[in-house]
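Please read the structure below before turning to the comments.
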Amino acid sequence: MAQRISVDISRRGDNEPDGSFNCPACGQRLNPGELAENLKVCPHCERHLSLTAGERIGLLADEGSWSELSASLRSADPLEFFDLRPYFERIEEAEYDTGLTEAMLAGTARMHKMEVVLVVMDFRFMGGSMGSVVGERFWRAVEHAIETRFPLVAVCASGGARMQEGMLSLLQMAKTACATELLSEVPVPFVSVLTHPTTGGVMASFATLADVIMAEPGALLCFSGPRVIEQTVKEKLPEGFGRAESNLEHGQVDMIVPRHELKDRLVQVLGMLEGGVACALQPLWEEEAGPPGGGGALAKAFGRIKSFANPSRRPPQG
Amino acid sequence: MAQRISVDISRRGDNEPDGSFNCPACGQRLNPGELAENLKVCPHCERHLSLTAGERIGLLADEGSWSELSASLRSADPLEFFDLRPYFERIEEAEYDTGLTEAMLAGTARMHKMEVVLVVMDFRFMGGSMGSVVGERFWRAVEHAIETRFPLVAVCASGGARMQEGMLSLLQMAKTACATELLSEVPVPFVSVLTHPTTGGVMASFATLADVIMAEPGALLCFSGPRVIEQTVKEKLPEGFGRAESNLEHGQVDMIVPRHELKDRLVQVLGMLEGGVACALQPLWEEEAGPPGGGGALAKAFGRIKSFANPSRRPPQG
Amino acid sequence: MPTLPGVHLKDEITKISQRLRELGGAGERRGRSDAWEKVKLARHAERPYTLDYIEQMFPGFIELRGDRCFADDPAIVAGLAAYQGRTLMVIGHQKGRDLSSRTYRNFGMPRPEGYRKAQRLMRLADKFGIPVLTLIDTPGAYPGVAAEERGQGGAIARSLVTMARLGVPTVAIIIGEGGSGGALALALADRVMMLENSIYSVSSPEACASILWKDAAEAELAARALMLTSDDLDELQLVDAVLPEPRGGAHRDHAAAARIVKEALEDSLRELELMHPQERRRERFEKFRRVGVWREDGLTLF
Amino acid sequence: MPTLPGVHLKDEITKISQRLRELGGAGERRGRSDAWEKVKLARHAERPYTLDYIEQMFPGFIELRGDRCFADDPAIVAGLAAYQGRTLMVIGHQKGRDLSSRTYRNFGMPRPEGYRKAQRLMRLADKFGIPVLTLIDTPGAYPGVAAEERGQGGAIARSLVTMARLGVPTVAIIIGEGGSGGALALALADRVMMLENSIYSVSSPEACASILWKDAAEAELAARALMLTSDDLDELQLVDAVLPEPRGGAHRDHAAAARIVKEALEDSLRELELMHPQERRRERFEKFRRVGVWREDGLTLF
Ligand SMILES: [Zn+2]
Ligand SMILES: [Zn+2]
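Residue numbers (this note's numbering), protein chains in the order written: chain A, 54 to 371; chain B, 54 to 371; chain C, -2 to 299; chain D, -2 to 299.
This is the structure:
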């Protein structure tokens, strides 16, 4: 429960020598140490500040359990895209600034001992935009989840498709949607966590195709962003437009989960989807002698729980 | 195209000795003969006046092709229902007034030579209410459609569940919904035609579960009727509330079909759903030599069309 | 074998009407005389609601919300429950208890998005083999203009086919007011049970009275005529079981009421989980196919 | 075998970038220099729209409307067409031609209900084995507050999986503007083809310019950079075929344009109908699975 994250301060410029800076929501002075203690949630106004991919993994994965998949994938520049600067230069800068290889990391991890496939996006890497590498990492993560039967958790943060890869980017929506369909067929549980901000192509593909959709408080979640709407159709935006709370009210997400409850909630939901009570927090099944009936869903559930609760669980054979 | 119906004048009381009466919509004087010529559509304002079950069958079925199914079913009175008058008395009166045995007739018919299973409701029979007999006739009609692979057409007109049969009536919604699900599995095409008025339990069961939903112009189509809404939640009703046109705009029906086009349109849609061009009006397949490819959907479509265009089509064996 | 509602057996014909007549006049029948009392009990403001049962039975309940189209409808509560070594999808109507929660819950009257949420979550449950429990307690679907415009009728109809299709075990328990199509939309289940003091009706007695007697004040009379009590429905064989309530009624002891519901649920699941999904589905269709009483060739069939 | 978009073959590695560099600078590439011309042609006010093709190709077209939830969206037209001895489900974006029809059609920009109508009708087509033809011509999904609140993102996403699931043959033809997610939502098909003067783009050149160049006036530059013409997409192997237009462009001769589309459709169906539904589905997944260009272990894969 007392999860900690080690904050990585990549924010440059306006912060003080001690690293302190003002909360963008309430303006209160924030100290990095205290902030990390509070999982980068402003203690004054509860604003959930963005986490880096590393911090997110630190938040969700049991210590030392993270193992990256598809780490060697890197963006190419098939369009030789050049706007004010070449695409490769932007990528190199993003790599340098973030220490990441792309806007999405994929890997396996344990969460309260539950094995999961975890993909995590980082908005700092070119606005969390989805290009070929993001799509391919997502696909391979899904393939790994299908092979191992580990559930999939996708933590989203994205400005949309990566323009520098043109249609190759847009089609990642189709690719990731196909991937979720494969997951559904098995089925392997899939939960998405929408964090601030998740917009554009990611919202119109895998993020909204999860079995259960969680959102962090205050996160902006929409397809067309507020600026586009204001500029294109000149509509006045209502208070709280596109925020997690509005999405909940409008039936688009299942729940809003404060960051300090996220890991527990994920494990509970994934465990329940796996067909039985499975979270370490409520091991009701230990009180049970075994399945009272014979076959049926109950026995199936028990079978699942056993393989699930067993840390040495391995991919099913055949 | 020049379909006629023989109007049966069961309306009693306020009409003149020559049978003429005022259009309830525009107030113009209507002559029964002219009205029948115009399929009981007011020539002045296009109001589609209600058809009796017999008139509807006359409108849709090729001459002499109607053959009733489940004709021997009659209502029982399991609740010994007695409000101001006993239920049996009301049924007897309805039988006497309408010459019908229930609020729904089921049968087989040909429409432009296409064999169909046709069920038709009559609002005059206790407000077209759905009780055990309506549910059972619908179920048997579906069973017949499944056996013969004839498509199903349901012409609806109903005030809802029949209160005099209590929960037995409400559960006809579940029964008819299950029936449509069986049709879907085959699949056999199912088109519903919603006529004025279709409300309550019928709108919340088979009527809205059709593959394609047609509505007659101006028909009131809703679950809770205008009076209930006004009395219960004191909401002011917008102009045209619950009418076919509003339903179309709100995405609840596929199309509004004027009465004089209904038969042609039904045959076209059913034919297309059967997998190929099948209506007598546009026998495109006759211009074709045969399927160009080998198997696949095309050949399947051709197979369907052949059995369909053949008037001697029989239920498939086994 | 499940109880057969409105059994339809040609070779074992019994005339309900005759039997009822033998039992006495309409007003005197078992279950009928106290119909209005039952209506009042079923609507009792302190009667346990869906969230009360959830609180008692499923401490780890995780609510899932939204229809993914238009809104989340608070008149229907749904979510995953960890229960006795298995997962359940629990879906129920929720009335409010105080003024603000009643308004928020729309007095337990769902709009189309409520039914669509239920459908979405039933499909989710089906995907993962999770049994579905529905708790039914609503005056009926909300009769409002916008709800109609968003397709109230079609939404209820699609709830019915969604439940018909499910491969997982489904148990429906009417815990209070089983009002019309709004209730039925969640009740097309393998097992349909009623709490002793709940009602299940084609129409509210008030609406029925105002239509048939042209006078809403005749609601008591209508309540008797409609056969809406648990005894009535048991007699008509339209429910699989009637669950006795704690002495004085469920509102006297929420915990005891929850224990009764829990036992009924467990008994049902124990039976249902031994069946193959196709077998459950087939029996479900058979059961609803048989609902009805009619005359044929001079005989009354039911 | 369908054309492989963004083929990903380890043993046959070709460096697109290198090849492109050999062909000349970015501005000189085949297909790029006239990108802005193509944008203008794709948006030409007299270019045939979906309803024009329907009129030319499918005289017996029967429109089906509504999402059964909230509304009918006139920005997407859909219905059954009788065609060469078979039935088709035709679904396409529809821009308006005059002021009132443009307003009515919302300039071809669908709201969530448009995508939901498309999904409903694709499932209907699938149920009866009816092939699906989509005609794509939209600036993009409508960026409005209410559309967002009704779940624009989720609606597009579910269009994608709906198309992915279909067992029937699916053919998508980009006839004008293939704008972003709003276009892609109808384009996850077995065969994806573009008319010669149509465009298919991750973003409108104007939006791209205002984001990347911070100046919408740089749209011409963006149009070239985005590789959105039919030649560009052919080169990237992201479409299965480019369909030549009548001399001067499709707007010069609607009937000829329809004949070209018709032929492409027939050729596609002839191939696709010989395959088993599972085979079509498998190839469809394979095709979209392979989309992408990346480096791995020092090699560029595409
Ligand atoms: Zn703050
Ligand atoms: Zn008139």
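We put the CB at the ideal spot given by N, CA and C, even for glycine.
- By alpha-carbon distance to A/ALA230, the top candidate from D/ALA42, D/GLU34, D/GLU283 and D/GLU60 is D/GLU283.
- For B/HIS97, the CB falls within less than 7 Å of some heavy atom of ligand 2.
- Below the 9 Å Cβ cutoff, chain C contributes ARG83, THR84, PHE125, GLY126 and ILE127 as neighbours of A/GLY328, in chain order.
- C/CYS205 has a beta carbon lying at 8 Å or more from every beta carbon in chain A.
- Nearest CB-CB separation between B/ASP150 and chain D: not below the 8 Å threshold.
- Non-local beta-carbon contacts of C/ARG249 in its own chain, meaning distances under 8 Å to residues more than five positions away in sequence, involve PRO243 in chain order.
- In the DSSP annotation of this structure, A/TYR149 is not part of any beta strand (DSSP E); the continuous alpha helix (DSSP H) holding it starts and ends at 140 to 151.
- The straight-line gap separating the alpha-carbon atoms of B/GLU155 and B/MET174 is approximately 9 Å.
- Per DSSP, B/ARG163 lies in no alpha helix (DSSP H) segment; the continuous beta strand (DSSP E) that holds it begins and ends at 157 to 164.
- The C-beta of C/TYR101 has fewer than 16 other C-beta atoms within 10 Å across all chains shown, which makes the residue exposed.
- Per DSSP, D/ILE88 is one residue of the beta strand (DSSP E) stretching across 83 to 90.
- Contact annotation, A/GLY254 with A/HIS101: C-beta distance approximately 23 Å; criterion of less than 8 Å not satisfied.
- Between ligand 1 and A/ALA78, a heavy atom-to-CB distance of less than 7 Å is present.
- Identification of residues in the segment 46 to 77 of chain D having a C-beta nearer than 7 Å to some C-beta of chain B yields GLY57, ILE59, GLU60, LEU61, ARG62, GLY63, ASP64, ARG65, CYS66, PHE67, ALA68, ASP69 and LEU77, given in sequence order.
- By the C-beta density criterion, A/ASP150 is exposed, having fewer than 16 other C-beta atoms within 10 angstroms.
- Taking C-beta atoms as the reference points, C/ILE59 and C/LYS114 fail to come closer than 8 Å.
- The nearest non-hydrogen atom of ligand 2 is 7 Å or more from the C-beta of A/GLN305.
- Closer than 8 Å to the CB of C/GLN91 there is not a single CB belonging to chain B.
- In this structure C/LEU77 touches A/VAL322 by the C-beta definition: roughly 7 Å separates them, less than 8 Å.
- In terms of beta-carbon proximity, C/GLY151 lines the interface with chain D, with at least one pair separated by less than 8 Å.
- Assignment of A/LEU315 by DSSP, reduced to helix, strand and coil, places it in the helix class.
- Under the DSSP assignment, A/TRP192 falls outside any beta strand (DSSP E), being part of the alpha helix (DSSP H) whose first and last residues are 185 to 201.
- One Cα belongs to B/PHE74, the other to B/LEU88, and the distance between them is close to 11 Å.
- Contact of C/LEU121 with chain A by beta-carbon distance below 9 Å involves ASP264, VAL265 and LEU326.
- In this structure, the straight-line span from the alpha carbon of D/ARG117 to that of B/MET308 is close to 15 Å.
- Setting aside the 5 residues that flank it on each side, B/ILE266 is surrounded in the same chain by SER245, LEU247, VAL306 and ASP307, each with a C-beta closer than 7 Å to its C-beta; the list follows chain order.
- Remark: the shortest separation between the CB of A/ARG312 and any heavy atom of ligand 1 does not fall under 7 Å.
- Contact holds between the segment 178 to 195 of chain B and the segment 206 to 225 of chain B, because three or more Cβ pairs, one in each stretch, are under 8 Å apart.
- Residue burial annotation: B/PRO291 is exposed, with fewer than 16 other C-beta atoms found within 10 angstroms of its C-beta.
- In the three-state DSSP reduction, C/SER98 falls in the helix class (H, G or I).
- Contact between the segment 125 to 133 of chain D and the segment 87 to 103 of chain D is present: 3 or more CB-CB pairs across the two stretches fall below 8 Å.
- For A/LEU224, no chain C residue has a Cβ inside 9 Å of its Cβ, as the nearest lies near 24 Å away.
- In this structure, B/PRO131 lies away from C/VAL288, with their beta-carbon atoms at least 8 Å apart.
- Closer than 7 Å to some heavy atom of ligand 2: that does not describe the Cβ of D/ARG279.
- Residues of chain C whose Cβ lies closer than 7 Å to the Cβ of D/ARG147 are, in chain order, CYS66 and PHE67.
- Per DSSP, reduced to three states, the secondary structure at D/ILE59 is strand.
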